[in-house]
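Peer 1: Residue numbers (the numbering used here), protein chains in the order written: chain A, -16 to 491; chain B, 231 to 332.
Quick one: the structure is below, questions incoming.
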Amino acid sequence: MTLEAAKLAAADNLWGAIIPELMLGCIALLLLGLEIILPRKHHGLIPDVASAGLLGTLLGLFLNWKSVMLGSETFSGLLYHSTAGQMMRAFFLVAALLVCLLARLTLPRQPVPRVEFYHILLVVTAAMMLLAQSNHFVLLFVTLETLTIGLYVLVAYHRTQPTSLEAGLKYLLMGALSSGLLLFGIVLLYGVAGNPALPAHTSQGLNYAELARFLAANPNNFVAALGIALVLAGLAFKVGAFPFQIWVPDVYQGAPTPVTAFLAVASKAAGFAVLLALCGNGGAFSPYGWLVTPVLTAMAAATILFGNLAALTQHNVKRLIGLSGVSHAGFLLLGVVAAHHIPMAVGAVYFYLFAYLLGSFAVFGVMAHVSGPDDAEQELDHYAGLAKESPFLATVLAVGLGSLAGIPPLAGFMGKLFIFIAAFQSGARVLLAIAAIGVVISIYYYFGWIKAAFFESWQPPADATEGPARPARSPVGLLTGVTLGALALASVVIGFYPGPFGQWLTMR
Amino acid sequence: MIPASLHTYLVASVALFAIGLLGVLIRRNTLVVFMCLELMLVASTLALVAFSRFNGTLDGNVFVFFILTVAAAEVAVGLALIVALFRRRQTVQIDALNSLKN
Chain A
-16 MTLEAAKLAA ADNLWGAIIP ELMLGCIALL LLGLEIILPR KHHGLIPDVA
34 SAGLLGTLLG LFLNWKSVML GSETFSGLLY HSTAGQMMRA FFLVAALLVC
84 LLARLTLPRQ PVPRVEFYHI LLVVTAAMML LAQSNHFVLL FVTLETLTIG
134 LYVLVAYHRT QPTSLEAGLK YLLMGALSSG LLLFGIVLLY GVAGNPALPA
184 HTSQGLNYAE LARFLAANPN NFVAALGIAL VLAGLAFKVG AFPFQIWVPD
234 VYQGAPTPVT AFLAVASKAA GFAVLLALCG NGGAFSPYGW LVTPVLTAMA
284 AATILFGNLA ALTQHNVKRL IGLSGVSHAG FLLLGVVAAH HIPMAVGAVY
334 FYLFAYLLGS FAVFGVMAHV SGPDDAEQEL DHYAGLAKES PFLATVLAVG
384 LGSLAGIPPL AGFMGKLFIF IAAFQSGARV LLAIAAIGVV ISIYYYFGWI
434 KAAFFESWQP PADATEGPAR PARSPVGLLT GVTLGALALA SVVIGFYPGP
484 FGQWLTMR
Chain B
231 MIPASLHTYL VASVALFAIG LLGVLIRRNT LVVFMCLELM LVASTLALVA
281 FSRFNGTLDG NVFVFFILTV AAAEVAVGLA LIVALFRRRQ TVQIDALNSL
331 KN
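And the structure:
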């Protein structure tokens, strides 16, 4: 590379474009510094600093929402800035803020250091924000690995509990396997796109747009098809789609509750942001619709059916929410399939993700209050009599679960409606029928949970040796109470009035 | 001696990848599984360097450095997890990882 080319490349590094991510990185380092500087009795401040940093970054993002970078590439094509990217940035920041809130509730119950948790959380959030805007396979791989490796540590964070460690190891093995598949797929695509013997070969085969141009000129290349299949398999692992969902229930059960929430919402959303960028209309893989559409269609159908049927028999609420999360991944895949033809489907997927965030964190917030010191043991029976003891928590739980089940007029219903409309327009009728069956099954197990909270009363075991007692419930603090109330309220309000989200959908 | 062609490198790379994948699926010792996972990454690296050399583009060579760094981070976290689990369980067999069941 000549000096002139190097200068050009350096001029393209607009660091101002990634200020939110840089801020998160700096705050993450600041937390570690504070742990050294502050006397031990003030260490309780560190989670506050992390939350304040996230909140400040979120506010800064909103203030600079319509930045001049929108619609342009920076860092020599590594990043592409778009409105969707800004939405996902806000999404991950909100998710991380809520995880902070849950962590302040549940982490003190365990004898583990707390500062590193927030440090890793911030780094992972920054990686997710970059991932959602990546326009290049090198950045995709590096950010995806940053977030996965951070999550390995977070999943195994309760390191005195064998269940947490075991979940961490299972997640590590599965995650590393999926990274291996993804990487080999990327390498094959890079290699075939650079082959001088093929038409439209490119030296920039790792760039999405260049790759799309190459694929459009070679619509039936076997190696390229194999590479695409491997990349899709790697991503399917990350979002927990059938047949790569085997890790989901175990890892969700063993991970600390805030981490389960982060995995279920933010990690899945990151996977779908990448899938949309690759498989959506105009994405890198769009010339290979003949391969991508049938693969994703079959995956979506199997994921919806498997997730819902497996969740039917669960008694542990963390496994239940994990398997129901698998079925949500199926509905989102349905949106990705539709996004190949219908531009509105992209907005529908984002709307669904936001509705899923609101509903999931409402449920996880209640779980954090009901669970005891043993994070892995959270049974449906523990919810018996919740409505009598704490009507507020029970109401939040009912709204959250109702939204996840897709009961009108909650936000989850609107999310499913938008996705189903997009799927109908794209002509995926069989898939739509399977999705409708999935919704009906899901209502059954979600209402089993609501029934436990509202209509069953707690019977203490007659004999103390008969079984473990139910863990004591934590009182609801002011901040968590307000947040949970706001989440439930937002689910209701967005369901009635999709407002700016709806506008954003139609504008596209 | 015949100079190695792209084909030779790719056959070696695919063979390494297949050995790694089979090892992950078949072997029951966590450490061996972990080594097989690293083998899969190395296979990708080999293919990447070969493509980079024969296609005459540099991106692949640069990508290799990122992959090495990522693999090192993964090994650091993974071995720490395996050691922590061994201290609790005195075994690293995959079949013994069964405390998470409904």
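For glycine and all other residues, C-beta sits at the position ideal for the given N, C-alpha and C.
Just so we're clear, the structure is a prediction, and the values are computed from it rather than from any experiment.
Any chance the region 123 to 138 of chain A sits against the region 235 to 249 of chain B, with 3 or more Cβ pairs inside 8 Å?
Peer 2: Segments in contact, no.
Peer 1: In angstroms, rounded to a whole number, what distance separates the CA positions of A:I287 and A:G313?
Peer 2: Spanning the two alpha carbons is a distance of roughly 5 Å.
Peer 1: Verify whether the separation of the beta carbon atoms of A:A331 and A:F75 is less than 8 Å.
Peer 2: Result no, Cβ atoms of A:A331 and A:F75 do not sit closer than 8 Å.
Peer 1: Of the residues that make up the region 148 to 169 of chain A, which ones have a beta carbon closer than 7 Å to any beta carbon in chain B?
Peer 2: So the list reads L148, E149, A150, G151, L152, K153, L155, L156, A159, L160, G163, L166, F167, given in the order they occur along the chain.
Peer 1: Counting only beta-carbon atoms, is A:A200 nearer than 8 Å to chain B?
Peer 2: Judged by the 8 Å Cβ criterion, A:A200 is not in contact with chain B.
Peer 1: For a quick check, are the C-beta atoms of A:G223 and A:T146 less than 8 Å apart?
Peer 2: No. Outside cutoff.
Peer 1: Evaluate contact between the region 291 to 304 of chain A and the region 258 to 267 of chain A, counting only Cβ atoms and requiring at least three cross-stretch pairs below 8 Å.
Peer 2: Touching, no.
Peer 1: By the 9 Å beta-carbon criterion, what residues does the region 343 to 360 of chain A contribute toward chain B?
Peer 2: Taking 9 Å as the Cβ-Cβ cut-off against chain B, the residues of the region 343 to 360 of chain A that qualify are A359.
Peer 1: At 4 residues or longer, and completely inside the region 48 to 113 of chain A: list those alpha helix (DSSP H) runs for me, N to C.
Peer 2: Counting whole runs of 4 or more residues, the region 48 to 113 of chain A contains the alpha helix (DSSP H) stretches 66 to 89.
Peer 1: Would DSSP call B:Q323 helix, strand or coil?
Peer 2: Residue state, collapsed to three classes: strand.
Peer 1: In whole angstroms, what is the alpha-carbon distance linking B:L276 and B:Y239?
Peer 2: Computed Cα separation, rounded: 7 Å.
Peer 1: A:E362 by DSSP, collapsed to three states: which one?
Peer 2: Three-state result, A:E362: strand.
Peer 1: Under the rule that 16 or more other beta-carbon atoms within 10 Å means buried, what is A:Y427, buried or exposed?
Peer 2: By the neighbour-count rule (16 or more Cβ atoms within 10 Å), A:Y427 is not buried but exposed.
Peer 1: Could you round the C-beta distance between A:F403 and A:A418 to whole angstroms and report it? I think they count as a contact, below 8 Å.
Peer 2: Going by Cβ atoms, the distance from A:F403 to A:A418 rounds to 7 Å, so yes, they are a contact pair.
Peer 1: List the endpoints of the continuous alpha helix (DSSP H) containing A:Y191.
Peer 2: 191 to 200 is the extent of the alpha helix (DSSP H) around A:Y191.
Peer 1: Indicate whether at least one CB of chain A lies closer than 8 Å to the CB of B:F296.
Peer 2: Yes, contact with chain A.
Peer 1: According to DSSP, is A:S269 helix, strand or coil?
Peer 2: If DSSP states are grouped into helix, strand and coil, A:S269 belongs with the helices.
Peer 1: Considering Cα atoms alone, identify which of A:M327, A:F396, A:A73, A:I132 is closest to B:A302.
Peer 2: Checking every option, the nearest Cα to that of B:A302 belongs to A:I132.
Peer 1: Look up A:N203 in the DSSP assignment and say whether it is helix, strand or coil.
Peer 2: Note: A:N203 maps to coil in three-state DSSP.
Peer 1: Check whether chain B comes within 8 Å of A:R142, counting only Cβ atoms and requiring the distance to be less than that.
Peer 2: With 8 Å as the cut-off, A:R142 counts as an interface residue toward chain B.
Peer 1: Taking all protein chains shown into account, do 16 or more other C-beta atoms lie within 10 angstroms of the C-beta of A:I420, making it buried, or fewer, making it exposed?
Peer 2: That one is exposed.
Peer 1: When the Cβ atoms of the region 204 to 213 of chain A are set against those of the region 96 to 116 of chain A, are three or more pairs found closer than 8 Å?
Peer 2: Verdict: no, contact absent.
Peer 1: In the DSSP assignment, find the unbroken alpha helix (DSSP H) run with A:L13 in it and report its ends.
Peer 2: From DSSP, the alpha helix (DSSP H) with A:L13 extends over 2 to 20.
Peer 1: What does the Cβ neighbour count give for A:P96, buried or exposed, with the cut at 16 atoms within 10 Å?
Peer 2: Exposed, since its Cβ has fewer than 16 Cβ neighbours within 10 Å.
Peer 1: When you compare the CB positions of A:L259 and A:A322, do they come within less than 8 Å of one another, or not?
Peer 2: Yes, the Cβ-Cβ distance between A:L259 and A:A322 is below 8 Å.
Peer 1: Taking Cβ positions, are B:S274 and B:I297 nearer each other than 8 Å?
Peer 2: Yes, they are a contact pair.
Peer 1: Can you find the residues in the same chain that come closer than 6 Å, C-beta to C-beta, to A:G174, ignoring five residues on each side of it along the sequence?
Peer 2: Once the five neighbours on either side are set aside, A:G174 has no close Cβ partner at all.
Peer 1: Distance, Cα to Cα, A:T143 vs A:G355?
Peer 2: Their backbone Cα atoms lie some 15 Å apart in a straight line.
Peer 1: So, helix, strand or coil for B:N285, using DSSP?
Peer 2: In the structure shown, B:N285 sits in a helix (DSSP, three-state: H, G or I).
Peer 1: Does any residue of chain B have a CB that is nearer than 8 Å to the CB of A:N178?
Peer 2: With 8 Å as the cut-off, A:N178 counts as an interface residue toward chain B.
Peer 1: Which one or two residues does DSSP pair with A:S117 in a beta bridge?
Peer 2: DSSP output for A:S117 lists A:L62 as bridge partner(s).
Peer 1: The alpha helix (DSSP H) with A:Q236 in it runs from where to where?
Peer 2: Per DSSP, A:Q236 belongs to the alpha helix (DSSP H) from 231 to 237.
Peer 1: So, does the CB of B:V241 fall closer than 8 Å to a CB anywhere in chain A?
Peer 2: No, no contact with chain A.
Peer 1: Going along the chain, which residues of the region 316 to 330 of chain B sit with their C-beta nearer than 7 Å to a C-beta in chain A?
Peer 2: Going along the region 316 to 330 of chain B in chain order, one finds R318, R319, L327, S329, L330 with a Cβ nearer than 7 Å to chain A.
Peer 1: Taking Cβ to Cβ, would you say A:Q228 is nearer than 8 Å to A:V309?
Peer 2: Yes. Within cutoff.
Peer 1: Going along the chain, which residues of its own chain have a beta-carbon closer than 8 Å to the beta-carbon of A:L508, five neighbours each way excluded?
Peer 2: What the structure shows of chain A is the stretch from -16 to 491, and residue 508 of chain A is not part of that stretch, so it cannot be assessed.
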